[in-house]
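A short write-up of the structure that comes next.
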Amino acid sequence: MIFYIPNEFGEFLNPMALTRTLDRVNNGIGSAKIRLHDLRHFHASILIQEGSSPVMISQRLGHSSPSMTLDTYGHLMPGWQREAAESFANAMRRIS
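Dropping the structure here:
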């Protein structure tokens, strides 16, 4: 996984550098450990909450397919069936 987060010199951080930074933050605040994977999951969760396409999210996460993304994060999309049904009903009303 590549992180496009520049350091103070404009160079991109590698995952180990980011892990070390997170370890320092975790030690400083004394809370439950935050892992890189937690940030990845948080990132995907926010994209889902904001209505981003599962295809786009899958590409950003480097998943092999959108179905992998939906299998992992589908529980965060409980309202999508209702929203899809409402969208379809609205479209049918417009053409009738």
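Position 23, counted from 1, in the sequence shown is what our numbering calls 6; the numbers after and before it change by one each time, with no gaps.
The C-beta atom is built at its ideal place from N, Cα and C for all residues, glycine as well.
What you are looking at is a predicted structure, and each value in this text was computed from that prediction instead of being measured.
1) Which of the three DSSP states, helix, strand or coil, is assigned to F25?
2) For a test of the three-state rule: what should DSSP assign to F71, helix, strand or coil?
3) Here's a check: name, in chain order, each residue in its chain whose Cβ is nearer than 8 Å to the Cβ of S28, leaving out the five neighbours to either side.
4) What's the gap between the Cα of F71 and the Cα of S79?
5) Quick one: what's got a C-beta closer than 8 Å to T52's C-beta in the same chain, skipping five residues either side?
6) Give the C-beta separation of L(-4) and L19 to the nearest angstrom, bearing in mind that I take them to be a contact with Cβ-Cβ under 8 Å.
7) Between A67 and N73, what straight-line distance do the alpha-carbon atoms span, to the nearest angstrom?
8) Quick one: is I12 buried, meaning 16 or more other Cβ sit within 10 Å of its Cβ, or exposed?
According to the structure data:
1) Here residue 25 is taken as the residue at index 42 of the sequence shown, counted from 1. Helix, per DSSP.
2) Residue numbering aside, residue 71 sits at position 88 when the sequence shown is read from its first letter. Helix at F71.
3) Numbered from its first residue, the sequence shown carries residue 28 at position 45. Excluding positions up to five away in sequence, the list reads Y56 and L59.
4) Here residue 71 refers to the residue found at position 88 of the sequence shown. Here residue 79 refers to the residue found at position 96 of the sequence shown. Per the coordinates, the alpha-carbon of F71 lies some 12 Å from the alpha-carbon of S79.
5) Sequence index remark: in the sequence shown, residue 52 carries index 69 (1-based). Around T52: A27, P37, I40, S41, L44 and H46.
6) In the sequence shown, the residue the question calls residue -4 occupies position 13. In the sequence shown, the residue the question calls residue 19 occupies position 36. With a Cβ gap of about 11 Å, L(-4) and L19 do not count as contacting.
7) Reading the sequence shown from its first residue, position 84 is the one you call residue 67. Reading the sequence shown from its first residue, position 90 is the one you call residue 73. So the two alpha carbons sit approximately 10 Å from each other.
8) Stepping through the sequence shown from its first residue, residue 12 is reached at position 29. Classification of I12: exposed, given that the 10 Å Cβ count is below 16.
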